[in-house]
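Protein chains in written order, with the working numbering: chain A, 8 to 260; chain B, 266 to 704. Just below is one structure, and these are the notes that go with it.
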Amino acid sequence: MGEPMVGWIIQAVRRGRLTTRFPRAAPTEEELPPTARLPVLTPLPSEASRLREARCPTEAIEGTMIDDGRCLRCARCLPPGAPAQGPWDGPEPRPPRGPGSAGSGNGPGPDSVWAAPFARSLHVFPIDVGSCQACNLEVLALANPYYDASRLGIFFTPTPRHADLLLVMGVPTAAMEEPFRRTLEAMPTPKAIVAVGACAVSGGLFRHLPGRWAVESAPVPVIYVPGCPPAPVQILAALRRAVGTPRAEGERR
Amino acid sequence: MTRAAGWGRAFGEPPWGADAWIAYIAPDRGLALVCDPARNGTAVVESPDAAFLSRCSPPVEPERPAPGVGRDREPGAPTAAGRLRFPYGPVTFGLFEAGRIDLLTPGERVVSVRPQAGYKHREIDRTVVGWRPGEALPWIERRVGPFSVAHADTFLSATESAAGRPVREQELWLRALGAELQRIHVHLGHIGRSVEAAGQPVATAQFAALAEEARRAMGRWGGHRWLFGLLDPNYPLRRLERPELRRLAEEVGTIRRRFDRLWELARATRIYIDRLQSTAVLDRAAALALGAVGPVARGSGIGWDDRVADPIPPYDRLDLHPAVESEGDALARILVRVEEIRQSAQLVEQISDRWPGPLGEIDPRPAVAPGRGWARSESPAGDLVYDVTLGEGRITAINVRTASAANWPAFAHALRGSVFTDFHFAWESFGLSFAETDG
Numbered sequence: 008m009g010e011p012m013v014g015w016i017i018q019a020v021r022r023g024r025l026t027t028r029f030p031r032a033a034p035t036e037e038e039l040p041p042t043a044r045l046p047v048l049t050p051l052p053s054e055a056s057r058l059r060e061a062r063c064p065t066e067a068i069e070g071t072m073i074d075d076g077r078c079l080r081c082a083r084c085l086p087p088g089a090p091a092q093g094p095w096d097g098p099e100p101r102p103p104r105g106p107g108s109a110g111s112g113n114g115p116g117p118d119s120v121w122a123a124p125f126a127r128s129l130h131v132f133p134i135d136v137g138s139c140q141a142c143n144l145e146v147l148a149l150a151n152p153y154y155d156a157s158r159l160g161i162f163f164t165p166t167p168r169h170a171d172l173l174l175v176m177g178v179p180t181a182a183m184e185e186p187f188r189r190t191l192e193a194m195p196t197p198k199a200i201v202a203v204g205a206c207a208v209s210g211g212l213f214r215h216l217p218g219r220w221a222v223e224s225a226p227v228p229v230i231y232v233p234g235c236p237p238a239p240v241q242i243l244a245a246l247r248r249a250v251g252t253p254r255a256e257g258e259r260r
Numbered sequence: 266m267t268r269a270a271g272w273g274r275a276f277g278e279p280p281w282g283a284d285a286w287i288a289y290i291a292p293d294r295g296l297a298l299v300c301d302p303a304r305n306g307t308a309v310v311e312s313p314d315a316a317f318l319s320r321c322s323p324p325v326e327p328e329r330p331a332p333g334v335g336r337d338r339e340p341g342a343p344t345a346a347g348r349l350r351f352p353y354g355p356v357t358f359g360l361f362e363a364g365r366i367d368l369l370t371p372g373e374r375v376v377s378v379r380p381q382a383g384y385k386h387r388e389i390d391r392t393v394v395g396w397r398p399g400e401a402l403p404w405i406e407r408r409v410g411p412f413s414v415a416h417a418d419t420f421l422s423a424t425e426s427a428a429g430r431p432v433r434e435q436e437l438w439l440r441a442l443g444a445e446l447q448r449i450h451v452h453l454g455h456i457g458r459s460v461e462a463a464g465q466p467v468a469t470a471q472f473a474a475l476a477e478e479a480r481r482a483m484g485r486w487g488g489h490r491w492l493f494g495l496l497d498p499n500y501p502l503r504r505l506e507r508p509e510l511r512r513l514a515e516e517v518g519t520i521r522r523r524f525d526r527l528w529e530l531a532r533a534t535r536i537y538i539d540r541l542q543s544t545a546v547l548d549r550a551a552a553l554a555l556g557a558v559g560p561v562a563r564g565s566g567i568g569w570d571d572r573v574a575d576p577i578p579p580y581d582r583l584d585l586h587p588a589v590e591s592e593g594d595a596l597a598r599i600l601v602r603v604e605e606i607r608q609s610a611q612l613v614e615q616i617s618d619r620w621p622g623p624l625g626e627i628d629p630r631p632a633v634a635p636g637r638g639w640a641r642s643e644s645p646a647g648d649l650v651y652d653v654t655l656g657e658g659r660i661t662a663i664n665v666r667t668a669s670a671a672n673w674p675a676f677a678h679a680l681r682g683s684v685f686t687d688f689h690f691a692w693e694s695f696g697l698s699f700a701e702t703d704g
């Protein structure tokens, strides 16, 4: 039984190209499923509207407005049996509540979080500060053949000392606030944060933890990627936005 | 493979030939789920007495700290004995999770392993108090994303047992379907990352692609890539009626066939298999003594699987034999996962064949009576126990004994004596989760 290296290569070639055409083309329905997009709410009489607000586990709804940063896309605000498609493709989402940082992914502001456009490959250090692991695995998915972030010059680095960007997943718990601060300090300047997922963006379901402000109050620019968890293409889009690459077709602001 | 013989279907029969059975659900308070035929069944008890513990599976021997450990003031400092306390985590790329494992080593060989959980404590058990059971689901699901259905399922079963509420047949089948889909995805992830640790980039990419395909199948039919919301009665994005189920089963079949091809190649890749074989060995006696559960216990020759030994419906009507390996090394645990991917794909097939019919609309706020109940089920990591107390329709307390929490002592025991580079093979074969442990 020899080493089946040839077998692996044949297998890989037989599967063919799996990689998404994003960002050359808009993401497909498969890559950006309904649960990655904000629902669109229709106006309701005040009593029903209040009930709908009460159903939201993160108190993200006010009338027909949804707080993008808090929304989990859990669809509890939609009527039972609502169609999966159509109403999900919404208008511009509202920026997350709270003090917005310069270059917030969803608000107005410069595209690159750095003073000058980023001319080289981007090195990213992911840090989990209290997630449920779903965001972690969606970030890890960027390395799989379907998304293949390295083709866009985006690489993971195993140490914050070599990182341009800190990818934060989860809501900072009491025990992780200090490690988070020290990791950020260990990075060379200039640096920036990409907050992945509702927990990192706004605290999400865990808004009661005092650490929820740690990401927002960090002394560096923050780009927000809301969603629970966001789809890999959304994380990819945020990373591209961080380096100031022009927006691709169909890419959301 | 051996068929688990002689075990009763009903909960109440202790596993592994012991007189009684115990699972701690809140060790700090001595709260345990106890099954004691001498007392006619199972109950949640506080501080079980020594006489009872002596009748359970072999007594747990407390781990004696290696010389010098107690004198460490700070992780990373050399110890008196000339050994280094190496803190792995909480910020490290390798674990990809916030948690810390302290490894004591004179250089290469690991002489003591101390997992330090608690970095991801999000106070879920406290946060859900005061909510109605259905409203608490988002928190329960997000305790650990990859096992969200197992947690939601066990939690709902516990509330139903607390409130004495009958469950509709369709809901039970839906829960089993979601649990099996997630089991396939979780096992694929562990196998793929163990291949990655062996430095096989082509193989890693192929396994990672397969895991992505599993997530897409869950997203397409279950309505969410992580099946969050699947068990929510009126989740609008679920597309699971008979024709869709057929297509889901076909997609799972495709994933299974692709997996078989990949595993055929992986099995012949000596570089990979050599790293797993005789790595982090947990023998049967140690697995029993340390209370290992799930694929870890099954890799050490203990044929316990809640889906067979203590099934909640519809598992009592599905055909399943627990996957058992006897070697107790990382390879055995990976082989159990390989076999379980095949079985779960088969179970999805069976479930789609025998789907009881449309889900229809479900009352999202059923009346619930006060009471206390518990339930257990086989999560991808093993035996999961929920103990829920309801008062006036709202949760007043929950206690959880997760499979990850149960398997830490076995992990620490098995890793001792290995070298540093064995770590990731042990880690992926055990499949522990800090998020699940911390809650």
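Idealized CB from N, CA, C, for every residue including glycine.
Apart from the 5 residues on each side of it in sequence, B/F690 sits with its Cβ closer than 8 Å to the Cβ of S459, A462, A463, R540, L541, T544, A545, A595 in its chain, given in chain order. Within the same chain, P46 come within 7 Å of A/L85 by CB-CB distance, once the 5 residues on both sides are set aside. Close to A/H215, with beta-carbon spacing below 8 Å, are these residues of chain B in chain order: E388, T392.
When C-beta atoms of the region 405 to 412 of chain B are compared with those of the region 670 to 687 of chain B, fewer than three pairs fall below 8 Å, so the two segments do not count as touching. For B/T661, there is no enclosing alpha helix (DSSP H); the residue is found in the beta strand (DSSP E) stretching over 659 to 666. Under the 10 Å beta carbon count, B/A634 is surrounded by fewer than 16 other beta carbons and is classified as exposed. 9 Å or more divides the Cβ of B/L624 from the Cβ of B/S669. Under the 9 Å criterion on CB atoms, B/A668 is classed as non-interfacial with respect to chain A. When secondary structure is reduced to three states using DSSP, B/T654 falls in the strand class. Burial is judged here by how many other beta carbons sit within 10 angstroms of a residue's own beta carbon; B/I599 has at least 16 and is buried. The beta carbon of A/T196 does not come within 9 Å of any beta carbon belonging to chain B, so the residue lies off that interface.
Inter-residue distance for B/E434 and B/E614 is about 18 Å (C-alpha atoms, whole angstroms). A residue is called buried once 16 or more other Cβ atoms fall within 10 Å of its Cβ, and A/L147 is buried on that count.
Less than 9 Å divides the Cβ of A/G234 from the Cβ of A/A205. Excluding sequence positions up to five before and after A/H130, its CB lies within less than 6 Å of the CB of F162, T164, H169, A170, D171, all in the same chain and listed in chain order. Around the beta carbon of B/G559, a 10 Å sphere encloses 16 or more other beta carbons of the protein chains shown; the residue is thus reported as buried.
Fully enclosed beta strand (DSSP E) runs of no fewer than 3 residues are not present anywhere in the region 425 to 479 of chain B. Straight across, the Cα-Cα distance linking A/E54 with A/S224 is about 37 Å. Interface criterion met: the Cβ of A/W15 is under 9 Å from a Cβ in chain B.
For B/H689, the enclosing alpha helix (DSSP H) begins and ends at 688 to 695. A straight line joining the alpha-carbon of B/A482 with that of B/G518 spans about 11 Å. Per the DSSP secondary-structure output, A/I73 pairs in a beta bridge with A/I68. The C-alpha of B/A473 is placed about 12 Å away from the C-alpha of A/A19. When the beta-carbon positions are compared, B/L496 and B/L421 come within less than 9 Å of each other. Using a CB distance cut-off of 9 Å, A/P11 counts as an interface residue toward chain B. In this structure B/D581 is exposed. Its beta-carbon is surrounded by fewer than 16 other beta-carbon atoms within 10 angstroms. Judged by pairs of C-beta atoms under 8 Å, the region 32 to 44 of chain A does not touch the region 53 to 70 of chain A, as fewer than three such pairs exist.
Any Cβ of chain B closer than 9 Å to the Cβ of A/G177 would place that residue at the interface, and such an atom is present. Going by DSSP, A/R219 is part of no beta strand (DSSP E) at all; its letter is neither H nor E. In this structure, DSSP gives A/H130 an extended state, which the three-state scheme calls strand.
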